[in-house]
Amino acid sequence: MKIMLIQVEPADDIQDFNFPMGYAALDSVLTKHGHEVELMFTVAYHLSDQDIIKKVKESKAQIIGLGGMFPYLQRAEMLVKLIREARPDVKIVLGGWMVTYVPQLVLQKTRPATRPCIPCFFRHR
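For what it's worth, the working numbering labels the leading residue of the sequence shown as 1, then goes sequentially.
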């Protein structure tokens, strides 16, 4: 299965960029289990929303995962909506710290664009 993982942080947040270890770990585990993983680091490559959606449209991913910290919930909400418009067929999975601490709020905020496409949440333990 082809999976795309998208970093939610805004492209202009480069001063706070740290290598996203969570994405690297997910990539490693998913690849080990036979999945093809495409990583999109929006901060490192200064990707605009248009760049992100272009890559989403070009991708053959069956699942798109987004994750991040709570301050980026609004951005995640917007990206989910844009992705849903560009690829109505794709499954969207949200994860990361924002989901760990307030899963109901994240689901409520993203539900209009994702219904019924968030099958599960990845939670940090």
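Yeah, the Cβ is synthetic: ideal placement off N, Cα and C, and Gly gets one too.
- [ ] Drop a sphere of 10 angstroms on the beta-carbon of Gln104, count the other beta-carbons inside from all chains shown, and report buried for 16 or more, exposed for fewer.
- [x] Taking the first residue of the sequence shown as position 1, residue 104 is located at position 104. So Gln104 ends up on the exposed side.
- [ ] May I have the straight-line CA-CA distance separating Thr42 from Gly67, to the nearest angstrom?
- [x] By one-based count along the sequence shown, residue 42 stands at place 42. By one-based count along the sequence shown, residue 67 stands at place 67. About 12 Å.
Task: Element boundaries [beta strand (DSSP E), containing Glu38] - done: In the sequence shown, residue 38 corresponds to position 38, counting from 1. Residues 36 to 40.
Task: Same chain only: Cβ atoms within 6 Å of Lys57, ignoring 5 sequence neighbours per side - done: Counting from 1 along the sequence shown, the entry for residue 57 is found at position 57. Ala86.
Open item on the list: Let me make sure I understand the geometry here. Which of His33, Met1, Ile52, Lys32 has the alpha-carbon closest to that of Glu9?
Closed with: As a working note, residue 9 is residue 9 in the sequence shown. Cα-wise, what sits closest to Glu9 is Ile52.
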